[in-house]
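Engineer: Input: one structure, supplied below.
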Amino acid sequence: MKISPSKIISLLFFIFSGFYLYTAHQIQVFTFDENAAFNAKTFPIYLGYAGIIFSALYVLLPETRPSNVDLTVLDYKRTITLVILMILYGLTILRVGYFLSTSIFLVLSYIVLGERKWIWIFLLSFPFVAIFMYLLHGLLNIYLRDPFLQYIGVMG
Amino acid sequence: MIEGILIGLETAFSLKNLMMVMIGCFAGTIIGMLPGLGPMTAIALMIPITYGFEPSTGLILMAGVYYGAVFGGSTSSILINAPGIPGTVATSFDGYPMAQQGKAGKALAIAAYSSFAGGTIAAIFLLIAAPSLSKVSLAFRSPDYFGLMILGLTAVSAFSAKGHFLKAMMMVVLGLMLASVGQDTLSDIPRFTFQNMNLSDGISFVLVVMATFAMSEALTIIFKANDPTRVAKQISLSQLGSIKLDKTETKKMVTTIPRSSVLGFIIGVLPGAGSTIASFLAYGMERNFVNDEEKQKFGKGSVNGLAAPETANNAACSGSFVPLLTLGIPGSGTTAVMLGALLGFGIQPGPRLYQTNPEIFWSVIMSMYIGMVILLILNLPLIPYIARVLATPRTFLIPLILFFSVTGIYLMSFNNFDIYLMIGIAVVATILRLYNFPMPPLILAFVLGGLMEENLRRSLLISDGSWSFLWDRPLTLIIMFTILLIVGWQIYKSFISQKR
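Sequence lines, in order, name chains A and B. Residue 1 is where the first sequence starts when you use the numbering used here, and the numbers rise one by one after that. Residue 1001 is where the second sequence starts when you use the numbering used here, and the numbers rise one by one after that.
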């Protein structure tokens, strides 16, 4: 028997709703609130049941409009690389600083996506981020902590 | 009232304030056009600047940004199917197919005219009826609000996800689940935080919007190896002619605009409803008003289908200022940010605002209309140029969308956790999108989650735990009956399609 991906997702959502419902029951409410008509866990409990009902209905009922996706044409390599780059960007943004991490993220992303116009790659990374930072920092007074720029003496 | 209007005109027409409306509209259009950066981010970024101005000038600037961003959001919805804000999601249903058919200029012109007309009609409503209209929203009690929110979510699930009603309902529940993360508003009890301090304030709306729309849209484009800017690239100055509408199209808009304006304005006045519900309801309503032949065109580039949500979302923007200015209750997430700004100025909005600070009350109303005129003058002739901003090659556009998304979140929280959370939600959303699990119901549910729980809490406490509040009041009963009709219709439709 072949089960459709939409049903697999619904099944996962069923499990997730079950976990959510279990966690909702674990919410510690104040003793005087335990038997109240409404407390901090009432709404989440309803949501947990709703999730279980809708996902179970989808799994059990026949699909009226199945979503057919050709998995062979999907670009896994570029998508996963971009996600990894974003994670690395998130990892370095505080440690290295906004300017360098953002510029490097942009340069690598352009290259990963197949861009080879080097002038544009440069213009839309380092100078672009510098202007953007100036707008935020200089005009809008939004302070961006940047250890790299502080190290080279550009930022105070 | 006349005296107030004159004070408002004097304030709004001062050179400084006129400049502020223009700057606001222009900046808002550019920011709103960039997928993922909507009015909330734009206004939030403006707050530090506005504190240097007088309260009326600051509010006028923010109002301009708001309108500009709503229009800018429509542009990206139409051209690359990436709505900047939830309020322009319904615009993409017919705007994007029109753009794919090579009628991008026409679609943008319809959006501009509809926004202008909707905003103008609503501004007149606001001008005449602002003080008394607040009484309409006062007539709504907690059970009615709760019912109205379920109605909005059901309607969105039914209309935005053709044939995928159950999938849409799962997304609604997921959106509500995400909204329930963080401290309970009344008791401050942490829920689903797993002892992580970063989750104690809940998940930011901007984070969820950017993850489920901007970021997942960008990832989907790469995943499917699509090029959404193909249409935008084709737009050139030589295609200016396509901006003109023919008689049939104008005729269609003439019938659509008045009813969508009224609906949009009324929905906008209701706290919590806002432009998203207004645009979806207007889309659904319009679909029921048109003939069968036109109905077939919905979702494939219908003029009515594009004009209705565009009119309604702009009318709702004006409407949402009514509860903000007269009751101190924000009608949407964006007006909630503006409420914060008002409080920062030391102004407490409420029924006495137009007595104690008439220049603020009336000048904001006046500047809305000026903003509408500026948007039309600014946007319509600039459509080909504005569109060119979006014609950036995919290789540059995608990293820039990701950059704006990450920066937007980073500027709000300055921590890595939110970035990782956003990436996680975006990856899940990309997989869900692939199998037609719709995102708009998730966003709407997320926005309404807190309000829905609050109104359910009040309703249940008033009725001592009994669910009879759902049919005790005639208004609630009508709302619940409408919900049952929508659900029943969906069941009937799926039964019929199975039989075939």
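Cβ coordinates follow ideal geometry from the N, Cα and C atoms, glycine included. None of these values were measured; they are calculated from a predicted model.
In chain A, which residues lie with their C-beta within 7 Å of the C-beta of residue 1490/B?
Structural biologist: Near residue 1490/B there are no residues of chain A at all, since even the closest Cβ is about 10 Å away, more than 7 Å.
Engineer: Going along the chain, which residues of its own chain have a beta-carbon closer than 6 Å to the beta-carbon of residue 58/A, five neighbours each way excluded?
Structural biologist: These residues qualify, in order along the chain: 10.
Engineer: Count the CB pairs spanning the stretch 46 to 58 of chain A and the stretch 1359 to 1378 of chain B that are closer than 8 Å, and state whether there are at least three.
Structural biologist: Flag = no, the stretch 46 to 58 of chain A and the stretch 1359 to 1378 of chain B do not touch.
Engineer: I'd like to know if residue 1406/B contacts chain A, where contact means its C-beta is closer than 8 Å to some C-beta of that chain.
Structural biologist: Judged by the 8 Å Cβ criterion, residue 1406/B is in contact with chain A.
Engineer: Assuming the contact rule is C-beta atoms closer than 8 Å, residue 1074/B and residue 1081/B should be a hit. Round their C-beta distance to whole Å, please.
Structural biologist: Going by Cβ atoms, the distance from residue 1074/B to residue 1081/B rounds to 12 Å, so no, they are not a contact pair.
Engineer: If you reduce the DSSP assignment to three classes, tell me which class residue 1488/B lands in.
Structural biologist: Of the three classes helix, strand and coil, the one that applies to residue 1488/B here is helix, per DSSP.
Engineer: Assuming contact is defined by CB atoms lying nearer than 8 Å, are residue 1315/B and residue 1264/B in contact in what I supplied?
Structural biologist: Yes, the Cβ-Cβ distance between residue 1315/B and residue 1264/B is below 8 Å.
Engineer: Mind reading off the beta-carbon distance from residue 1396/B to residue 110/A? Whole number of angstroms is fine, and I expect it under 8 Å.
Structural biologist: Going by Cβ atoms, the distance from residue 1396/B to residue 110/A rounds to 6 Å, so yes, they are a contact pair.
Engineer: Please report how far the alpha carbon of residue 1342/B lies from the alpha carbon of residue 1440/B, in whole angstroms.
Structural biologist: Distance between the alpha carbons of residue 1342/B and residue 1440/B: 30 Å.
Engineer: Which residues of the stretch 1178 to 1189 of chain B have a Cβ closer than 8 Å to any Cβ of chain A? Give them in chain order.
Structural biologist: Those residues of the stretch 1178 to 1189 of chain B that come within reach of chain A (Cβ to Cβ, closer than 8 Å) are 1180, 1184, 1186, 1187 and 1189.
Engineer: List the endpoints of the continuous alpha helix (DSSP H) containing residue 190/A.
Structural biologist: Any property of residue 190/A remains undetermined from this structure, which presents chain A solely from 1 to 156.
Engineer: Tell me which residue opens and which closes the alpha helix (DSSP H) that residue 115/A is part of.
Structural biologist: That residue, residue 115/A, is in no alpha helix (DSSP H); it is neither H nor E in DSSP.
Engineer: In angstroms, rounded to a whole number, what distance separates the CA positions of residue 1237/B and residue 1157/B?
Structural biologist: Note that residue 1237/B has pLDDT 40, beneath the 50 cutoff, so the model's placement of it is unreliable and the number below is only indicative. Approximately 39 Å, taken between the alpha carbons.
Engineer: With DSSP run on the structure shown, which of helix, strand or coil describes residue 1183/B?
Structural biologist: Residue 1183/B: strand per DSSP, three-state reduction.
Engineer: How big is the Cα-Cα spacing for residue 101/A and residue 1492/B?
Structural biologist: About 54 Å.
Engineer: With the cut-off set at 8 Å, would you say residue 1437/B and residue 1170/B are in Cβ contact?
Structural biologist: Result yes, Cβ atoms of residue 1437/B and residue 1170/B sit closer than 8 Å.
Engineer: Let's test the definition: count the other Cβ atoms within 10 Å of the Cβ of residue 1241/B and tell me whether it reaches 16, buried, or not, exposed.
Structural biologist: Its pLDDT being 48, under 50, residue 1241/B is placed unreliably by the model, and nothing is read from it.
Engineer: Using a Cβ cut-off of 7 Å, which residues of the stretch 1459 to 1485 of chain B contact any Cβ in chain A, in chain order?
Structural biologist: Flagged, chain order: 1460, 1461, 1464 and 1465.
Engineer: In three-state DSSP terms, what is residue 1433/B?
Structural biologist: Helix, per DSSP.
Engineer: Less than 8 Å between the beta carbons of residue 1105/B and residue 1068/B, yes or no?
Structural biologist: Against a cut-off of 8 Å, the Cβ pair of residue 1068/B and residue 1105/B comes out as no contact.
Engineer: Decide if residue 947/B is buried, meaning its Cβ has at least 16 other Cβ atoms within 10 Å, or exposed.
Structural biologist: In this structure chain B extends from 1001 to 1500, so residue 947/B is not present and cannot be described.
Engineer: What are the uninterrupted segments assigned as alpha helix (DSSP H) that are 4 or more residues long and contained completely in the stretch 1141 to 1167 of chain B, given in chain order?
Structural biologist: Correct list: 1142 to 1160.
Engineer: Quick one: is residue 1093/B near chain A, going by C-beta distance under 8 Å?
Structural biologist: No, no contact with chain A.
Engineer: Give the interface partners of residue 1022/B over in chain A, defined as CB-CB distance under 9 Å, in chain order.
Structural biologist: What residue 1022/B touches in chain A: nothing, since even the nearest Cβ is about 17 Å away.
Engineer: What are the boundary residues of the alpha helix (DSSP H) that residue 31/A is part of?
Structural biologist: Residue 31/A -> no alpha helix (DSSP H), and no H or E assigned at all.
Engineer: Identify every residue that forms a DSSP beta bridge with residue 1191/B.
Structural biologist: Looking at the DSSP assignment, residue 1191/B forms a beta bridge with 1182/B.
Engineer: Helix, strand or coil for residue 1055/B, going by three-state DSSP, please let me know.
Structural biologist: Helix, per DSSP.
Engineer: Residue 146/A to residue 1268/B, Cα distance in whole Å?
Structural biologist: Roughly 42 Å separates the two Cα atoms.
Engineer: Around the Cβ of residue 158/A, are there at least 16 other Cβ atoms within 10 angstroms (buried) or fewer (exposed)?
Structural biologist: This structure cannot settle anything about residue 158/A, because the visible part of chain A is limited to 1 through 156.
Engineer: Which residue's Cα is closest to the Cα of residue 1057/B: 1014/B, 1070/B, 1098/B and 1088/B?
Structural biologist: Closest option to residue 1057/B, Cα to Cα, is 1014/B.
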